[in-house]
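Note sheet for the following structure.
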Amino acid sequence: MPPTPDPALRPRTWPLRRRPLLISTGTLSLAALLTLGATVLGAGDPPGTPPAPSWKLPWPQEGQAAVRIDGLGDRGDLGSHGSRTPVPIASVTKVMTAYVILSDHPLRDGTPGPRITVDQRAADESVSGVESTVPLERGERLSERRLLELMLVPSGNNVARLLARWDAGSEEAFVTKMNRAADALGMRRTTYTGASGLEPTTTSTAADQLRLARQVMRDKAFRSVVAQPRTTVPGSPRTLPNTNTLLDTPGVIGIKTGSSTPAGGALMWAVTVPDRRGREHLALGVVLHQRAGTSPQEGLRAVFDSSRELVEAVRHRMSGTESGAVNAAGSR
2 MPPTPDPALR PRTWPLRRRP LLISTGTLSL AALLTLGATV LGAGDPPGTP PAPSWKLPWP
62 QEGQAAVRID GLGDRGDLGS HGSRTPVPIA SVTKVMTAYV ILSDHPLRDG TPGPRITVDQ
122 RAADESVSGV ESTVPLERGE RLSERRLLEL MLVPSGNNVA RLLARWDAGS EEAFVTKMNR
182 AADALGMRRT TYTGASGLEP TTTSTAADQL RLARQVMRDK AFRSVVAQPR TTVPGSPRTL
242 PNTNTLLDTP GVIGIKTGSS TPAGGALMWA VTVPDRRGRE HLALGVVLHQ RAGTSPQEGL
302 RAVFDSSREL VEAVRHRMSG TESGAVNAAG SR
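So the sequence shown is numbered by our numbering: it starts at 2 and just counts up by one.
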């Protein structure tokens, strides 16, 4: 990612005002799936569920963060920390891009999905020196699965915009879908203005992005892609590593990094953690706005450090191996 987006790019923005959800024949599959998704999110909270555990987590000293253990209803909500003011999220935006793509074009049973032709614009953007891109050639045909890998693993901005045009005809139309999806998931403090996250006007909160993480990690294809340590472009000898170096931490299975000068470091993460009986649970977290205003590299270092501490704390507390953990009542 560049230290700062080039002003000459003049990122386009779209109206930020929410509009009523309109269903047309061109968006039926997305709208139907989003309605189902919103229902699923609330289905795990049966009446009488005990309150969330009072854990003292090592929250970052700046920015904002939210953590939960999925599948436990209200008991899995480990809380949030910091301001709830929307902040730029950089390439974490691509998680919603993938969510909308997979809602409209699901990948079943490990299939690669339809083949998509690389257009001239995506090829031209491959050589951009001011943003994160991956090498593509005009006319080559890549599967939906491979393009999702190239967008989510090395964080190709040009791939995100290519997928948006393929799905909706234009990036502008796709952004409308992204905001409708956010509304359907209850992400009330989120505004998307582009498919890649390059635009600093795309803003959200840790709590909102955690809602998205819960839903998108139910998709097996998405889970398998974001867990990959690397990918390749067909026909190229280059190996493209995952920008999420937190994958080196045991149990971490995703999800997505983001970094820019306005956003600082941002990370949506997922880790499998065993409880005291050895049963596996999925813990999800989002950390935003770490070292904002500095370099993207410094922001990433900070968000990895903060996230790693949260991951380890959740792991130890779930397994009962954390020594000296103090809950809100002061007991050990």
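For glycine and all other residues, C-beta sits at the position ideal for the given N, C-alpha and C. Model, not experiment: these values are computed from the prediction.
* Asked: Helix, strand or coil for ILE90 per DSSP?
  -> By 1-based counting over the sequence shown, the position of residue 90 is 89. ILE90 falls in the coil class under three-state DSSP.
* **Bridge partners - LEU261, DSSP secondary structure assignment** => As a first step, residue 261 must be located in the sequence shown, where it is residue number 260. A quick correction: the sequence has Ser, not Leu, at residue 261. SER261 pairs with GLY265.
* To do: For ARG316, I'd like the list of residues in its chain whose CB is within less than 6 Å of its CB, leaving aside the five on either flank, ordered along the chain.
  => Stepping through the sequence shown from its first residue, residue 316 is reached at position 315. If you ignore the 5 residues before and after ARG316, its C-beta comes within less than 6 Å of the C-beta of VAL274, all in its own chain and listed in chain order.
* To do: Go ahead and label THR232 buried or exposed: buried means 16 or more other beta carbons lie within 10 angstroms of its beta carbon, across all protein chains shown.
  => Working through the sequence shown from its first residue, we reach residue 232 at position 231. In the assembly as shown, THR232 is a buried residue. Its beta-carbon has 16 or more other beta-carbons within 10 Å.
* To do: List the endpoints of the continuous alpha helix (DSSP H) containing GLN216.
  => For this step, residue 216 is matched to residue 215 along the sequence shown. Per DSSP, GLN216 belongs to the alpha helix (DSSP H) from 207-217.
* Take THR246 as the anchor and find which of ARG302, PRO238 and GLY286 has the nearest alpha-carbon. => Mapped onto the sequence shown, residue 246 falls at position 245. It is ARG302.
* Taking the alpha-carbon positions, what's the VAL253 to THR295 distance? -> For this step, residue 253 is matched to residue 252 along the sequence shown. For this step, residue 295 is matched to residue 294 along the sequence shown. Taking the straight line joining both Cα atoms gives about 27 Å.
* Asked: Helix, strand or coil: how does DSSP classify ALA314 here?
  -> Indexing the sequence shown from 1 puts residue 314 at position 313. Looking at ALA314 - three-state DSSP - the assignment turns out to be helix.
* Could you give the DSSP three-state label for PRO272: helix, strand or coil? => Taking the first residue of the sequence shown as position 1, residue 272 is located at position 271. According to the sequence displayed, residue 272 carries Val and not Pro. In the structure shown, VAL272 falls within a strand segment according to DSSP collapsed to helix, strand and coil.
* To do: Would you please state the rounded distance, in angstroms, between the beta carbons of GLN210 and VAL93? I believe it to be under 8 Å.
  => Indexing the sequence shown from 1 puts residue 210 at position 209. Indexing the sequence shown from 1 puts residue 93 at position 92. Indeed they touch by this definition, with Cβ atoms about 6 Å apart.
* Shortest alpha-carbon distance to ASP120 belongs to which of ALA293, SER260, PRO251 and ARG142? -> Here the question's residue 120 lines up with position 119 in the sequence shown. Nearest of ALA293, SER260, PRO251 and ARG142 to ASP120, Cα basis: ARG142.
* Taking one C-beta from the stretch 189-205 and one from the stretch 158-176 each time, how about it: are there three or more such pairs within less than 8 Å? -> With three or more CB-CB distances shorter than 8 Å, the stretch 189-205 counts as touching the stretch 158-176.
* Identify which residue in ALA183, ARG69 and ALA66 has its Cα closest to the Cα of VAL101. => Looking up residue 101 in the sequence shown gives position 100. The candidate whose alpha carbon is nearest that of VAL101 is ALA183.
* Asked: Do you know offhand how far ARG318's Cα is from ARG224's?
  -> Against the sequence shown, residue 318 aligns to sequence position 317. Against the sequence shown, residue 224 aligns to sequence position 223. For ARG318 and ARG224, the gap between their C-alpha atoms comes out near 24 Å.
* Asked: Do you know whose CA, among VAL234, PRO235 and LEU213, lies nearest LEU186's CA?
  -> Residue mapping note: residue 186 aligns to position 185 of the sequence shown, counting from 1. Per the C-alpha coordinates, the member of VAL234, PRO235 and LEU213 positioned closest to LEU186 is LEU213.
* Asked: If you compare alpha carbons, which of ASP168, VAL154 and TRP270 is closest to GLU313?
  -> Counting from one through the sequence shown, the residue named residue 313 turns up at place 312. A check of alpha carbon separations from GLU313 across ASP168, VAL154 and TRP270 identifies TRP270 as the nearest.
* **Collapsed DSSP secondary structure at SER144 in the structure displayed** => One-based indexing of the sequence shown puts residue 144 at position 143. DSSP places SER144 within a strand segment (E or B) once states are collapsed to three.
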